[in-house]
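The opening residue of the sequence shown carries number 1 in this note's numbering; numbering runs sequentially from there.
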Amino acid sequence: MHVKELLSLKEKVVLITGGEGKYGRCLTEGLAEADAKVITASPFLDEGEKVAAMFRERGLDVEAAFVDQADHESILKLKEELKDKHGRLDVLVNCAVARPVKGYNGTLEQWKLSMDINATGLFDITREMADLMAQGGGGSIVNIASMMGMFGPDLTNYEGLPEKWKDQSADYFFHKGGMLTLTRYLARMLGDKNIRVNAISPGGIFAGQPERFVENYTKKVPVGRLANNDDIKGPVVFLASQASAYINGENILMDGGMHA
Ligand SMILES: NC(=O)c1ccc[n+]([C@@H]2O[C@H](COP(=O)([O-])OP(=O)(O)OC[C@H]3O[C@@H](n4cnc5c(N)ncnc54)[C@H](O)[C@@H]3O)[C@@H](O)[C@H]2O)c1
């Protein structure tokens, strides 16, 4: 097959959770530019609709849907909607994240809420959508993890900033690390359904952070910058497409060489 064909997502139905967020928009854009039909789902439907409309104005095939990853019923409803409207699902990109825990001393209630969304909800939506994918003959799941699921917090990034910046929350490191193990588990469990499961572990994306943070951070990155809006498009299209057909259970660390 021609390499352009291998990388094309033409006629593929892609669900991305949290596709209107910071990295989510870049992922949605890249997937739609590769000719996929992209459905972005989150509890913030108005925001999702706005982002989808913005992409449609550019000729991209993007629509918004509602899902609250912590609510099993809403996941089942979305699964039904996808089946009724599109008849299939080819790709799931797990990008949603909630950050309810407030620092090291955050409450256990905050921790439980985080796990409901980021751990239990992640598994719930993945299992349901994998079932839909299997009904159509298979597909690809891409989990958006983080370099923080592989390494502890580098507190020197926050030197010269207010102390609260150093007060990193433990839940994020816990569930992002878990996402990588879940990726490998699912890669083995879903292989016989022709579903591949891979992860991307990005570093920080530039989103107007304070100058001092950018300075502290970028001097550790061989390519000398934070991630930009294009950086994640290639990796996600690659993992979603047939171009990566023999890659399963893998994690791409996308940090500009920070941990090389
Ligand atoms: N921002 C970064 O620098 C960075 C770095 C590394 C990895 N990541 C990863 O990228 C992904 C997106 O992060 P971001 O910083 O763009 O986040 P963001 O806060 O901008 O977006 C998070 C998205 O999750 C959705 N969401 C929240 N609660 C939800 C729920 N209950 N159900 C469904 N969706 C829900 C929101 O609608 C939002 O669109 C995350 O997986 C994160 O771990 C981000």
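Just so you know, even glycine gets a beta-carbon here, dropped at the ideal spot from N, CA and C.
Where does the unbroken beta strand (DSSP E) through residue i begin, and where does it stop?
| i | result |
| --- | --- |
| arginine 88 | Note, arginine 88: premise wrong, no beta strand (DSSP E); not H, not E. |
| valine 67 | Element bounds for valine 67: n/a, residue is neither H nor E. |
| arginine 25 | First-last for arginine 25: 22-33, but that is the alpha helix (DSSP H), not the beta strand (DSSP E). |
| threonine 17 | 13-17 |
| arginine 196 | 195-202 |
| isoleucine 254 | Reading off the sequence shown, one finds methionine at residue 254, where the question assumed isoleucine. Residues 251-254. |
| serine 140 | 139-144 |
Closer than 7 Å by C-beta to residue i: which residues in its own chain qualify, once you throw out the five before and the five after it? Chain order, please.
| i | result |
| --- | --- |
| phenylalanine 55 | Thr28, Glu29, Ala32, Val62 |
| lysine 218 | According to the sequence displayed, residue 218 carries threonine and not lysine. Same-chain partners within the cutoff: Gly224, Arg225, Leu226. |
| leucine 9 | Leu31, Ala34, Asp35, Ala36, Val237, Ala240, Ser241 |
Determine the extent of the alpha helix (DSSP H) in which residue i is found, giving its start and end residues.
| i | result |
| --- | --- |
| threonine 40 | Looking at the DSSP string, threonine 40 is not in any alpha helix (DSSP H); the run it does join, the beta strand (DSSP E), is 37-42. |
| asparagine 216 | 211-218 |
| proline 235 | 233-240 |
| leucine 180 | 170-189 |
| alanine 52 | 45-57 |
| valine 3 | 3-7 |
| leucine 108 | 108-115 |
| leucine 132 | 121-135 |
Label residue i either buried or exposed according to how many other C-beta atoms from any shown protein chain fall within 10 Å of its C-beta, with 16 as the threshold for buried.
| i | result |
| --- | --- |
| valine 223 | exposed |
| glutamine 135 | exposed |
| threonine 40 | buried |
| histidine 2 | exposed |
| alanine 260 | exposed |
| tyrosine 158 | buried |
| leucine 6 | exposed |
| lysine 85 | exposed |
| glycine 208 | exposed |
| methionine 172 | Going by the sequence as given, residue 172 is tyrosine instead of methionine. Per the 10 Å Cβ criterion, buried. |
| tyrosine 23 | buried |
| alanine 245 | exposed |
Take residue i and list the residues in its own chain whose beta-carbon comes closer than 8 Å to its own, dropping the five residues that flank it on each side.
| i | result |
| --- | --- |
| tyrosine 104 | Asp167, Gln168, Ser169, Ala170 |
| leucine 60 | Glu29, Ala32, Glu33, Val38 |
| arginine 25 | Gly19, Val51, Asn229 |
| lysine 164 | Gly103 |
| phenylalanine 123 | Leu182 |
Return the Cβ separation of residue i and residue j in integer angstroms, given the expectation that the two are a contact with Cβ distance under 8 Å.
| i | j | result |
| --- | --- | --- |
| valine 67 | leucine 78 | 5 Å |
| asparagine 251 | alanine 187 | Contact flag wrong, Cβ pair sits at about 10 Å. |
Any heavy atom of ligand 3 within a distance shorter than 7 Å of the CB on residue i?
| i | result |
| --- | --- |
| valine 62 | For the structure depicted, ligand 3 is absent and the ligand set comprises only ligand 1. |
Less than 6 Å between C-beta atoms, sequence neighbours within five positions excluded: which residues of the same chain meet that for residue i?
| i | result |
| --- | --- |
| aspartate 255 | Met147, Gly203 |
| arginine 88 | Val13, Gly136 |
Looking at the C-beta of residue i, does it have a partner C-beta in chain B at a distance below 8 Å?
| i | result |
| --- | --- |
| alanine 98 | No chain B appears in this structure, which consists of one protein chain only. |
Is the segment 98-110 touching the segment 149-157 in the sense that three or more CB pairs, one from each, lie closer than 8 Å? no
Tell me whether the segment 138-145 and the segment 197-216 touch, counting them as touching only if at least three CB pairs, one residue from each stretch, are closer than 8 Å. yes
Specify whether the segment 46-53 and the segment 12-25 touch according to this definition: at least 3 beta carbon pairs, one from each stretch, less than 8 Å apart. yes
Stretch pair the segment 174-182 + the segment 227-238: three plus CB contacts closer than 8 Å: No, the segment 174-182 is not in contact with the segment 227-238.
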